[in-house]
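Below is one structure; the comments refer to it alone.
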Amino acid sequence: MRYLAKITQDYWAIHNKAQEAARQVAQNMDRQLLRNADERLRFITDMKLRIHNVNQDHPRCKSLEIQSYGPHIGPIKRDEDCFLVVPGVFHMTIYTIKDNDYDPNH
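When the sequence shown is numbered by the working numbering, its final residue is 110 and no position is left out of the sequence of numbers.
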């Protein structure tokens with residue numbers, strides 16, 4: 005099973021360096037194809053670490069909180085889409101691509 009990480013919504017940061025930096029992090033990680041569930045987990049962990057680093061780099065700004073969740077309450081299942089959200093900054097969806105739907109030529 006493969007996954008595609010894509011920004012589904014982002015907001016303009018006005019005079020907030022932490023939000024601007026977090027938005028740039030999301031844009032740099034946008035549209036990545038992830039080969040398996042382990043790679044998806046590493047991607048989520050890496051995104052959380054990068055947002056934590058943004059908070060450390062901009063201590064005078066309001067701290068940003070990143071949330072990750074699936075479509076249902078409970079842990080993220082490997083065959084479900086999941087979401088990464090920094091409220092007021094961006095929403096990213098990690099779509100599940102079933103192997104029989106994946107065509108590397110398109």
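Glycine residues also receive a C-beta, built at the ideal position from the N, C-alpha and C atoms.
- ASP85 sits close to ILE98, with the two beta carbons spaced by under 8 Å.
- Residue ARG35 holds the alpha-carbon nearest to the alpha-carbon of THR12 among ARG35, GLN23, ILE18, HIS19.
- Checking the DSSP bridge columns, you'll see GLN71 partnered with VAL89.
- Counting every other CB atom within 10 Å of its CB across the protein chains shown gives LEU53 a total below 16, marking it as exposed.
- Under a 10 Å Cβ-count criterion, TYR7 is classified as buried, with 16 or more other Cβ atoms of the shown protein chains found around its own Cβ.
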